[in-house]
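*Asks:*
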Amino acid sequence: MRILVTGGAGFIGSHTCLVLLEKGYEIVVIDSYVNSNNKSLERVIDILKSADQTVKFNIKVINLDIRDQKKLDQLFCDSHNLRTPFNAVIHFAGLKSVKDSLIDPLLYWDVNVNGSINLLRVMNKYNCRTIVFSSSATVYGIFNNEPLKENTSINPINTYGQTKAAVEQFLTDIYSSNPEEWKIVNLRYFNPIGAHESGMIGESPLGIPNNIFPFITQVAVGKRDKLTIFGDNWPTLDGTCIRDYIHVMDLAEGHISALEFLLENKNQIINLNLGTGHGKSVLELVKTFEQVNNIKIPIEFSGRRRGDYASVVADNSLAISCLNWYPKRCLEDMCKDGWKWQSLNPQGYN
Ligand code: UFG
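Residues are numbered in the working numbering as their position in the sequence shown, beginning at 1, plus a constant of 693.
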C-alpha cells in the first residue's frame, strides 16, 4: 500500500508517519515546512532504526506546498506512470492557529481550502479516491457541556474552524458527485497533547505557544515564567475550562485505523470524533503534570479568553465501534511523554 501523507512533518503528521512505517506502509510525505521541521521525519527514522537496524523503511519526503497545483499534478502523474499510484491520502497539511486565522483569513482560506481543492482535483484526476482528512472539534456549533456527537450541528465561530468546516462540506459534495468511488473519513480531533514515548519527536511550536500543553512544558523547561490560566469562574467544578486531551500516539493510531477502515469497507463518507471521551479541567491538567514529573508550574489567573467554551468533550463511541480503535493512554502518560520530549529538546527541533 502506497500512501500520500500531506503535512506529514508536523506534530500529528510525524507521529502518524511513524505508525504507518511500523505497520509496513510505503509512504510519500509532502510538506511545505512553514510550520514544521524536516528533522521530525529524520527522528522518525532514528526511532525505527533503534528498534530494528535491519528493516528497510519505505519513505520519500518532498518539499511541496499543496497550493502548488503543477507540482502536485507532477507527483501524481509520476506515480501513475511508474505504476506505483497512491492507494490513499492522509491529508494533514494546513494552518491551525485560531488566533492567526482571525488576523489573516486570506492565508487560512488559501492554504486550508484552496490547498485541499487542489489536492482533491489531482486525486480525482489520477483515480485516487480514498482520503482521511484532519478536521477538528472546532467545527461544532453547540457546546452545552454534553459530550459532542458527530451529528451535533456545524457552526464554527472562528476562521480556522470555518475553513475546516468548508473542506468537510467540499468533501461531502465530492462524495455526492461520485458515491461509487469515493471513500472519505473526516477525523474531528479534540485536544492532542503528549509525544512519542521515546521523547525523540513531539510538538515544536513556532514562537509563543497558543495551546496550553506546549505552554506548560515551556514553563517547566524554564523558557517561560508562568502559565496564565484563562478564567477561574467557568461553570465547572474548579472554575477552569474542561477539554478532552488525547495522547498524540492514540490520535496517530486512530488515523491508521481510519485508513484501514476505508480500505476494507464500501464507499462512504463518515465523520468521526477522535477524543478520549473524558474531560479534564485546566487545573487537573496542571496538577497531573506537576505530580507525574515532580515539577512545579507557577500559575496566575486572568480573564476568560475570547471564543473559549466551558467544556468540550467527545462522544467517541462511533469511532470506537467503526475503527477497531480506542484511546489507550491516560493523562499521566500524556504529561510524562510530553515532558520527556520537551526536557530532551528544550528548543524543540531547533
Ligand atoms: N488555556 C489557558 N492558558 C493558555 C492556553 C490555554 O488557560 O495559555 C486554556 C484555554 O482557555 C482552554 C484550554 O486551556 O480552556 C485549552 O486551550 P488550547 O488553546 O490548548 O485548546 P483549545 O481547546 O482552545 O483548542 C484546541 C485547538 C484547536 C481545536 C480545538 C478543538 O487549539 O485547534 O482544540 O476543540 F480546534
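Glycine included, every Cβ here is placed at the ideal spot set by N, Cα and C.
Only a predicted model underlies this, so the values are computations on that prediction, with no experimental measurement involved.
Spell out the partners DSSP gives HIS773 in its beta bridges.
*Replies:* When DSSP reads this structure, HIS773 sits in no beta bridge, so it has no partner.
*Asks:* Below 8 Å, how does it come out for the stretch 937-956 and the stretch 1014-1031: are there three or more Cβ pairs, yes or no?
*Replies:* yes
*Asks:* Sort VAL791, LYS732, VAL782 and ASN851 by Cα distance to MET694 and report the nearest one.
*Replies:* VAL782
*Asks:* Output yes or no for whether 9 Å exceeds the beta carbon distance between GLU896 and TRP1034.
*Replies:* yes
*Asks:* I need the straight-line Cα distance from ILE759 to ASN987, nearest angstrom please.
*Replies:* Each residue's Cα considered, the two are about 43 Å apart.
*Asks:* Smallest Cα separation from ASP866: which of HIS784, LYS749, GLN961 and GLY1000?
*Replies:* GLN961
*Asks:* How big is the Cα-Cα spacing for VAL804 and THR699?
*Replies:* 12 Å
*Asks:* Is LEU930 near the ligand UFG, with its Cβ less than 8 Å from a heavy atom?
*Replies:* no
*Asks:* How about ILE939 and VAL878: do their beta carbons lie closer than 9 Å?
*Replies:* No, the pair does not count as a contact, with Cβ atoms beyond the cut-off.
*Asks:* On the premise that SER707 lies in contact with LEU741, defined as a C-beta separation below 8 Å, what is that separation, rounded to the nearest angstrom?
*Replies:* About 12 Å separates the Cβ atoms of LEU741 and SER707, ruling out a contact at the 8 Å cut-off.
*Asks:* Comparing the CB of SER829 with every heavy atom of the ligand UFG, is any distance shorter than 8 Å?
*Replies:* yes
*Asks:* Quickly, what does DSSP pair THR921 with across the bridge? List them, please.
*Replies:* GLU993
*Asks:* Helix, strand or coil for GLU953? Go by DSSP, reduced to three states.
*Replies:* helix
*Asks:* Given a threshold of 16 other Cβ atoms within 10 Å of its Cβ, counted over all protein chains shown, does ARG881 qualify as buried or as exposed?
*Replies:* buried
*Asks:* Between the alpha carbons of LYS989 and THR823, how many angstroms are there, rounded?
*Replies:* 46 Å
*Asks:* Helix, strand or coil for GLN961? Go by DSSP, reduced to three states.
*Replies:* strand
*Asks:* Measuring CA to CA, which of LYS716, SER1014 and GLU874 is closest to ILE696?
*Replies:* The shortest C-alpha to C-alpha distance from ILE696 to any of LYS716, SER1014 and GLU874 is the one to LYS716.
*Asks:* Just list the alpha helix (DSSP H) runs in the stretch 883-914, keeping only unbroken ones of 4 residues or longer that don't cross its boundaries, in chain order.
*Replies:* The stretch 883-914 contains, as complete alpha helix (DSSP H) runs of 4+ residues, the segments 905-913 (chain order).
*Asks:* Beta-carbon separation of TRP927 and VAL985 under 9 Å?
*Replies:* no
*Asks:* Quick check on GLU719: does DSSP put it in helix, strand or coil?
*Replies:* strand
*Asks:* May I ask you to report which of helix, strand or coil DSSP gives ALA1007?
*Replies:* Strand at ALA1007.
*Asks:* Is THR933 near the ligand COA, judged by its Cβ being under 8 Å from some heavy atom?
*Replies:* The ligand COA is absent from the structure shown, which contains only the ligand UFG.
*Asks:* Any chance the stretch 781-798 sits against the stretch 839-858, with 3 or more Cβ pairs inside 8 Å?
*Replies:* yes
*Asks:* Starting from the Cα of GLY808, find the closest Cα among CYS821, ILE835, ASP761 and SER829 and give me that residue.
*Replies:* ASP761
*Asks:* At 3 residues or longer, what runs of the beta strand (DSSP E) sit wholly inside the stretch 814-874?
*Replies:* 823-829
*Asks:* Per DSSP, which residues does LYS980 bridge with? Please list them.
*Replies:* LYS980 is not bridged by DSSP to any residue.
*Asks:* Tell me, please, which residues DSSP counts as bridged to TYR726.
*Replies:* Looking at the DSSP assignment, TYR726 forms no beta bridge with any residue, so it has no partner.
*Asks:* I need the DSSP call for THR699, collapsed to helix, strand or coil.
*Replies:* strand
*Asks:* ASP1026 to ASN904, Cα distance in whole Å?
*Replies:* 18 Å
*Asks:* Hey, ALA1062 and ILE935 are a contact pair by Cβ (cut 8 Å); roughly how many whole angstroms apart?
*Replies:* Residue 1062 is absent from the model: the chain starts at 694 and stops at 1043.
*Asks:* Helix, strand or coil: which one does DSSP assign to LEU1037?
*Replies:* helix
*Asks:* Would you grab the beta carbon distance between LEU899 and VAL979 for me? Rounded to a whole angstrom, and I think it's under 8 Å.
*Replies:* About 24 Å separates the two Cβ atoms, so there is no contact after all.
*Asks:* Closer than 8 Å to a non-hydrogen atom of the ligand UFG - does that hold for the CB of LEU800?
*Replies:* The ligand UFG never approaches LEU800 closely enough for any of its heavy atoms to be under 8 Å from the residue's Cβ.
*Asks:* Around the Cβ of ALA888, are there at least 16 other Cβ atoms within 10 angstroms (buried) or fewer (exposed)?
*Replies:* Around the C-beta of ALA888, 16 or more other C-beta atoms lie within 10 Å, and the residue is accordingly described as buried.
*Asks:* Report the residue from LEU788, ILE909 and GLY924 whose alpha carbon sits nearest the alpha carbon of GLY1000.
*Replies:* GLY924
*Asks:* Using DSSP with H/G/I as helix, E/B as strand and the rest coil, what is ALA786?
*Replies:* In this structure, ALA786 counts as coil in the three-state DSSP scheme.
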